[in-house]
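If you read the protein sequences in the order shown, they are chains A and B. Going by this note's numbering, the first residue of the first sequence is number 1, and it counts up by one from there. Going by this note's numbering, the first residue of the second sequence is number 162, and it counts up by one from there. Using N, Cα and C, we set each Cβ at its ideal position, and we do this for glycine too. Since the structure is predicted, the reported quantities are computational estimates derived from the model, not experimental observations.
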Amino acid sequence: MNPQISAFGMAFLFILGGIVLVLLGLAVASLLRPHRPNVEKLAAYECGEEALGSVWGQFNGRYYVIALIFVLFEVELVFLFPWATVFGQKELIEITEGRWGWFSLVEVWLFIGILVLGLAYIWAKGHLEWLKPQPQDTDYQSKIPAKAYERINRTYQKNKT
Amino acid sequence: MVLLLFYFFCFLIVVSAFLMLLTRHILYAAFLLLLTFLGIAALYALVGADFLAVSQVVIYVGGVLVLLLFGIMLTHQPVGGQPSAAPQTESRNLWWGALTGIGFFALLAQVIYKADFTSKAWIVSAESQKRLLNNSSIPHLGANLMTHYLLPFEIIAILLLVALVGATLLASRKS
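Shown next, in the form of structure tokens:
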């Protein structure tokens, strides 16, 4: 296409352009469309249910820890990316009689291993544990005895067979 | 066409940066920051810095911005079911802030204006060898990472480990 941009750069620009064009489409639509909101229209759609509370709620703080771990592993991924382009190169492996492949593989396993150590530490220390809500027992006493359910089950079982 | 693309992405960056400053809604500002980051990544790709462009998207768009959004969603307290439109604190040091911004802009503009990019030694040599463009820098980077810069590479892993453990311990500290 264009000699001034590498083939990769071209593909990358197309990806970015795709993302931006969607946003541009939404922006242009917001300029053109009629704007007549009412309470019913502005309500959040919850699969047909009446929505409770506000959309702008606060998130659980646990998400933040997960996001932090994600960012650090992402930085690691950025370093693996240039490694992945050279580690299997045929010429380099042939020049070094196969030592290059093993060498770079071991080095990268070391690199990943150090970070996995950190993940294992965090896991073992329980920072990945999710705070689950405890199911609470109610003191509500049902007027229907448990035997009634059993009888219904038996009747339906009989009808089936 | 390249020039057109360049101006398109420049326009995108400037507009989204301005809107980010003008909007009163912090979540919209974060999403406009996403556009700015994407535009800068596109500029990196345009000048042939492939690795930098991918890093920009992976780390800033994929990571830092997600963290930022989480930070907003965790701390942002909506007032009466709606996001608070007006900032809670008064804006201070308006003039000093403006002065600092304009001064920094002037400094950068002067440096860019004075720097003679075309006669820099490494640019001249790269241009004469036709290495500057059309060549992905990533395999070269990978080979260097595995040979000359192997020790820094492994030290980075330890640095990331320290950051991982430290950040998690700080973030999940029981109050």
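Round the Cβ separation of residue 326 (chain B) and residue 121 (chain A) to the nearest angstrom and send it over; I've been treating them as touching at under 8 Å. Rounded, the Cβ-Cβ distance is 6 Å, consistent with contact.
Could you name the residues of the same chain whose beta carbon sits closer than 8 Å to that of residue 130 (chain A), not counting the 5 residues immediately before and after it, in chain order? Counting only Cβ-Cβ distances below 8 Å, and skipping sequence neighbours, we find 62.
Please tell me whether residue 203 (chain B) and residue 42 (chain A) are closer than 8 Å, where the distance is taken between their beta carbons. Note that the C-beta distance between residue 203 (chain B) and residue 42 (chain A) is not below 8 Å.
Which residues in the same chain as residue 166 (chain A) place their Cβ atom closer than 8 Å to its Cβ, once the five residues preceding and following it in sequence are excluded? Outside the shown range of chain A, which is 1 to 161, sits residue 166 (chain A), and nothing can be said about it.
State the Cα-Cα distance for the pair residue 112 (chain A) and residue 189 (chain B), rounded to the nearest angstrom. Answer to the nearest angstrom: the Cα atoms are 36 Å apart.
Please state if the CB of residue 196 (chain B) and the CB of residue 21 (chain A) are separated by a distance shorter than 8 Å. Cβ atoms of residue 21 (chain A) and residue 196 (chain B): not closer than 8 Å.
When you compare each of B:253, B:307, B:221 and B:167 to residue 209 (chain B) by their alpha carbons, which one comes out closest? Per the Cα distances, B:167.
Examine chain A for any beta-carbon lying closer than 8 Å to the beta-carbon of residue 223 (chain B), and answer yes or no. Cβ-Cβ to chain A under 8 Å: yes for residue 223 (chain B).
Straight-line Cα distance separating residue 230 (chain B) from residue 33 (chain A): Each residue's alpha carbon lies about 29 Å from the other.
Please decide whether residue 315 (chain B) counts as near chain A, where near means a Cβ-Cβ distance under 8 Å. Taking Cβ atoms only, chain A reaches closer than 8 Å to residue 315 (chain B), which makes this a yes.
Is the Cβ-Cβ distance between residue 299 (chain B) and residue 211 (chain B) less than 8 Å? Residue 211 (chain B) is positioned such that its CB atom lies closer than 8 Å to that of residue 299 (chain B).
Burial state of residue 133 (chain A) (16 or more Cβ within 10 Å): By the 10 Å Cβ count, residue 133 (chain A) comes out exposed.
Endpoints, the alpha helix (DSSP H) within which residue 301 (chain B) is located: Start and end: 299-307.
Give the single residue among B:172, B:164 and B:191 whose Cα lies nearest to the Cα of residue 181 (chain B). It is B:191.
May I have a chain-ordered list of the alpha helix (DSSP H) segments no shorter than 4 residues that lie completely inside the segment 85-140 of chain A? You should have 90-95 and 99-125.
Under 8 Å between C-beta atoms of residue 228 (chain B) and residue 71 (chain A): With a cutoff of 8 Å on beta-carbon distance, residue 228 (chain B) and residue 71 (chain A) are scored as near each other.
Does any CB atom of chain B fall closer than 8 Å to the CB of residue 39 (chain A)? Output row for residue 39 (chain A): interface = no.
Cutting at 8 Å between CB atoms, please list the residues of its own chain near residue 233 (chain B), excluding the five before and the five after it. Within the same chain, residue 233 (chain B) has close Cβ partners 187, 188 and 191.
Against chain B: residues of the segment 73-98 of chain A by CB proximity under 9 Å: Residues passing the 9 Å Cβ filter: 73, 74, 75, 76, 77, 78, 79, 81, 82, 83, 84, 85, 86, 87, 89 and 92.
If you drop the 5 nearest sequence neighbours on each side, which residues of the same chain put their C-beta closer than 7 Å to that of residue 213 (chain B)? So the list reads 205, once near-sequence residues are dropped.
Under 8 Å, Cβ to Cβ, is there at least one residue of chain B near residue 12 (chain A)? So, interface residue.
I'd like to confirm the pairing. Which residues does DSSP put opposite residue 46 (chain A) in its beta bridges? A:49.
Taking only three categories from DSSP, how would you classify residue 232 (chain B)? Residue 232 (chain B) carries a helical assignment under DSSP once its states are collapsed to helix, strand and coil.
So what's residue 178 (chain B) in DSSP terms, helix, strand or just coil? Residue 178 (chain B): helix per DSSP, three-state reduction.
8 Å Cβ cutoff met for residue 74 (chain A) and residue 272 (chain B): The beta carbons of residue 74 (chain A) and residue 272 (chain B) sit no closer together than 8 Å.
By the DSSP assignment, the alpha helix (DSSP H) with residue 313 (chain B) in it spans what residues? It spans 311-332 - the alpha helix (DSSP H) in which residue 313 (chain B) sits, taken as one unbroken run.
Would residue 228 (chain B) pass as an interface residue toward chain A - the criterion being a Cβ-Cβ separation below 8 Å? At least one chain A Cβ lies under 8 Å of residue 228 (chain B).
My guess is that residue 216 (chain B) and residue 193 (chain B) are in contact by the Cβ rule of under 8 Å, so how many angstroms apart are they, rounded? Rounded, the Cβ-Cβ distance is 21 Å, inconsistent with contact.
Quick one: list the residues of chain A neighbouring residue 212 (chain B), beta-carbon separation under 7 Å, in chain order. The contacting residues are 82.
Just to confirm before moving on: does the CB-CB distance between residue 223 (chain B) and residue 82 (chain A) stay below 8 Å? Against a cut-off of 8 Å, the Cβ pair of residue 82 (chain A) and residue 223 (chain B) comes out as no contact.
Quick check on DSSP: helix, strand or coil for residue 251 (chain B)? Note: residue 251 (chain B) maps to coil in three-state DSSP.
Answer with yes or no whether the minimum CB distance from residue 165 (chain A) to chain B is below 8 Å. Residue 165 (chain A) falls outside the range modelled here, since chain A spans only 1 to 161, and no answer is possible.
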